[in-house]
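Asker: Got a structure here, written out as structure tokens. Questions coming.
So this is what it looks like as structure tokens:
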């Protein structure tokens, strides 16, 4: 029986006809090596953004259901074009969208989760020696409607398929050759990591590193799927995401930068049991994810909450809080979109002291003020002025330069 290899190619890798043919040749090479190949594709280039712009031109308040019906067409174009490219090379391939691939999803339009996958059709096509091309980013819900899985979630489609097909590896291809200690476009001295642990990659993904979708890493850890992140333009070794003792040698593995941050300040809440639950349950029901949370000390029986959401969730957060002002009993809402988040991540932080001190020293020496702080066992995150984020990232990376010396 052949090994099954699952590959995923991002939008930049299939942005035009030349790149589609380049990817087709890479897929065929994997097939010729004796593997059964399942490929997940994103929409070409900035297709999703263009479709969203078209929707806004027609109806700025378009329903999430109809947006999903529109957006899934981007990935469906990609898999059909790739099938044509592989056919032109003399090989068998078939394109499938979510319904045909058996990808069942939850009912949340715009940010659905994969519920289960029935791989019968995919296995049948592999048995016919077809290269199977699956549209990423989409599933079908209980109403037989197509739903999208959130931006960047083609990674999650690929890992889910690797898990259900018992693939030996899930290869994620983009225009970047691996996971770096920090975004090399911002910090020129960034170094590529040969391996990252699941927990570290999960923290980096949710902290703003866009190389892998956070839910894809969660799923990979849960089912033990090893991931390798590589460039579709070169033949480098890339970065492996897996369990391994070698990753614990680095106190700090990476620095994440996230500009997609908005802070909300809710003042004048009564300081009593259940006030936090009342506030954040309302946001949760609207599917709004909250990140850093800070509660002020009570004064005269009243308290304030600071917390962050993504910038795209800010309008919805404002609306739902305004609609529930009487229920919550707050005085005022103040919002701020001028901040960015920098996170330092490393499994070694759990057993090595001084990381927070060094990070804060780097920011102090550079004159960067810290607005909020959040910590976990392997992560320290701070909010800073967005105008200073590049300077701050360089300063922090330089502070930990001795740690990164052994990295590529």
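Residue numbers (our numbering): 468 to 875. Backbone N, C-alpha and C define an ideal beta-carbon position, used for all residues, glycine too. Only a predicted model underlies this, so the values are computations on that prediction, with no experimental measurement involved.
#1: Indicate whether the contact test is met: 3 or more Cβ pairs, each with one atom in the stretch 571 to 580 and one in the stretch 484 to 492, closer than 8 Å.
#2: Within 10 angstroms of its Cβ, does residue 626 collect 16 or more other Cβ (buried), or is it exposed?
#3: Who are the Cβ neighbours of residue 732 in its own chain at under 6 Å, not counting the five residues just before and after it?
#4: Using only alpha-carbon positions, find the residue among 650, 687, 766, 782 that is nearest to residue 629.
#5: By Cβ distance, which residues of its chain are closer than 6 Å to residue 507, with the 5 residues on each side in sequence left out?
#6: Would you decide whether residue 883 is buried or exposed? Buried here means 16 or more other CB atoms lie within 10 Å of its CB.
#7: Taking DSSP's pairing of strands, which residues face residue 563 in a bridge?
#8: Is it right to say residue 861 is buried, meaning 16 or more other beta carbons lie within 10 angstroms of its own, or is it exposed?
#9: Is it a yes or a no for the stretch 779 to 789 touching the stretch 630 to 638, going by three-plus beta-carbon pairs under 8 Å?
#10: Does any heavy atom of the ligand NAD sit closer than 8 Å to the C-beta of residue 823?
#11: Between residue 788 and residue 750, is the Cβ-Cβ spacing less than 9 Å?
#12: Near residue 558, what residues of its chain come up, given a Cβ to Cβ distance below 8 Å and the 5 sequence neighbours on each side ignored?
#13: From which residue to which residue does the beta strand (DSSP E) around residue 723 run?
#14: Can you round the beta-carbon distance between residue 902 and residue 674 to whole angstroms, since I take them to be within the 8 Å contact cut?
#15: How big is the Cα-Cα spacing for residue 737 and residue 796?
#16: Distance, Cα to Cα, residue 816 vs residue 722?
#17: Going by C-alpha distance, which of 581, 785, 556, 539 is nearest residue 563?
#18: Compute the Euclidean distance between the alpha carbons of residue 838 and residue 852, then round it to the nearest angstrom.
#19: Which residue comes first and which comes last in the beta strand (DSSP E) that contains residue 583?
#20: Please classify residue 797: does DSSP put it in a helix, a strand, or coil?
#21: Between residue 846 and residue 810, how many whole angstroms is the CB-CB distance? I'm expecting something under 8 Å.
#22: Cβ of residue 718 within 9 Å of Cβ of residue 822?
#23: According to the neighbour-count rule (16 or more other Cβ atoms, all chains shown, within 10 Å of its Cβ), is residue 792 buried or exposed?
#24: Just to confirm the assignment, what range does the beta strand (DSSP E) spanning residue 698 have?
#25: For residue 855, tell me which candidate among 526, 747, 836, 841 has the shortest Cα-Cα distance.
#26: Which whole-angstrom value describes the C-beta separation of residue 511 and residue 555, a residue pair presumed to lie in contact below a C-beta threshold of 8 Å?
#27: Span of the alpha helix (DSSP H) holding residue 737?
#28: At the level of alpha carbons, what is the spacing between residue 746 and residue 763?
#29: With C-beta atoms as the reference, is residue 850 less than 9 Å away from residue 728?
#30: At which residues does the alpha helix (DSSP H) containing residue 744 begin and terminate?
#31: So, for residue 588: in the same chain, excluding its five sequence neighbours on each side, which residues have a beta-carbon less than 8 Å away from its beta-carbon?
#32: Considering only DSSP beta bridges, list what residue 658 is partnered with.
#33: According to DSSP, is residue 828 part of a helix, a strand, or is it coil?
#34: Considering only residues of the stretch 529 to 574, which uninterrupted alpha helix (DSSP H) runs meet the minimum length of 4 residues and lie entirely inside it, listed in chain order?
#35: What separation, rounded to the nearest whole angstrom, lies between the Cα atoms of residue 825 and residue 651?
#36: To the nearest whole angstrom, what separates the beta carbons of residue 663 and residue 646, a pair I think is in contact under 8 Å?
Answerer: Let's see:
#1: no
#2: By 1-based counting over the chain shown, the position of residue 626 is 159. It counts as buried.
#3: Against the chain shown, residue 732 aligns to sequence position 265. The answer, listed in chain order, is 773, 801.
#4: Here residue 629 is taken as the residue at index 162 of the chain shown, counted from 1. Comparing Cα-Cα distances from residue 629 to each of 650, 687, 766, 782, the minimum goes to 687.
#5: Numbered from 1 along the chain shown, position 40 holds the residue referred to as residue 507. Correct list, in chain order: 475, 601, 603, 621, 624, 625.
#6: Look at the range of the chain in this structure, 468 to 875, and you will see that residue 883 is not part of it.
#7: For the purposes of this step, residue 563 is identified with residue 96 of the chain shown, where counting begins at 1. Answer by DSSP bridge pairing, in chain order: 601.
#8: Walking along the chain shown from the start, residue 861 turns up at place 394. Buried, by the Cβ-count rule.
#9: no
#10: Of ligands this structure carries none, so the ligand NAD is not represented either.
#11: By one-based count along the chain shown, residue 788 stands at place 321. By one-based count along the chain shown, residue 750 stands at place 283. Yes; because the gap between Cβ atoms is below 9 Å, this pair is in contact.
#12: One-based indexing of the chain shown puts residue 558 at position 91. 495, 498, 598.
#13: As a first step, residue 723 must be located in the chain shown, where it is residue number 256. From DSSP, the beta strand (DSSP E) with residue 723 extends over 721 to 725.
#14: Because the chain here runs from 468 to 875, residue 902 falls outside it and cannot be looked at.
#15: Residue 737 sits at position 270 when you count from the first residue of the chain shown. Residue 796 sits at position 329 when you count from the first residue of the chain shown. Using only the alpha carbons, I get a separation of about 7 Å.
#16: Along the chain shown, read from residue 1 onward, the residue named residue 816 stands at position 349. Along the chain shown, read from residue 1 onward, the residue named residue 722 stands at position 255. One C-alpha to the other measures close to 13 Å.
#17: Taking the chain shown and counting its residues from 1, the one referred to as residue 563 is at position 96. Of 581, 785, 556, 539, the residue nearest in Cα terms is 539.
#18: Taking the chain shown and counting its residues from 1, one reaches residue 838 at position 371. Taking the chain shown and counting its residues from 1, one reaches residue 852 at position 385. About 8 Å.
#19: Your numbering for residue 583 matches position 116 in the chain shown. From DSSP, the beta strand (DSSP E) with residue 583 extends over 581 to 584.
#20: Counting from 1 along the chain shown, the entry for residue 797 is found at position 330. DSSP places residue 797 in coil when its eight states are reduced to three.
#21: Working through the chain shown from its first residue, we reach residue 846 at position 379. Working through the chain shown from its first residue, we reach residue 810 at position 343. Their Cβ separation, rounded to whole angstroms, is 6 Å, which keeps residue 846 and residue 810 in contact under 8 Å.
#22: By 1-based counting over the chain shown, the position of residue 718 is 251. By 1-based counting over the chain shown, the position of residue 822 is 355. Contact: yes.
#23: Reading the chain shown from its first residue, position 325 is the one you call residue 792. Burial call: exposed.
#24: What you label residue 698 is simply residue 231 of the chain shown in a count that begins at 1. Start and end: 694 to 698.
#25: As a working note, residue 855 is residue 388 in the chain shown. For the residues 526, 747, 836, 841, the minimum Cα distance to residue 855 belongs to 836.
#26: As a working note, residue 511 is residue 44 in the chain shown. As a working note, residue 555 is residue 88 in the chain shown. Contact doesn't hold; Cβ gap of about 17 Å is too wide.
#27: As a working mapping, residue 737 is identified with position 270 in the chain shown. First-last for residue 737: 729 to 737, but that is the beta strand (DSSP E), not the alpha helix (DSSP H).
#28: Taking the first residue of the chain shown as 1, we reach residue 746 at position 279. Taking the first residue of the chain shown as 1, we reach residue 763 at position 296. So the two alpha carbons sit approximately 15 Å from each other.
#29: Within the chain shown, the letter at position 383 stands for residue 850. Within the chain shown, the letter at position 261 stands for residue 728. In this structure, residue 728 lies closer than 9 Å to residue 850 by Cβ.
#30: Residue mapping note: residue 744 aligns to position 277 of the chain shown, counting from 1. Taken as a continuous stretch (DSSP letters only), the alpha helix (DSSP H) holding residue 744 covers 742 to 752.
#31: As a position in the chain shown, residue 588 is number 121, starting the count at 1. The answer, listed in chain order, is 563, 567, 568, 569.
#32: In the chain shown, counting from the first residue as 1, residue 658 sits at position 191. In DSSP, residue 658 forms no bridge with anything.
#33: Residue numbering aside, residue 828 sits at position 361 when the chain shown is read from its first letter. Three-state result, residue 828: helix.
#34: 531 to 555, 565 to 568
#35: For this step, residue 825 is matched to residue 358 along the chain shown. For this step, residue 651 is matched to residue 184 along the chain shown. One C-alpha to the other measures close to 21 Å.
#36: As a first step, residue 663 is located in the chain shown; it is residue number 196 there, counting from the start. As a first step, residue 646 is located in the chain shown; it is residue number 179 there, counting from the start. Right, their Cβ atoms sit about 6 Å apart.
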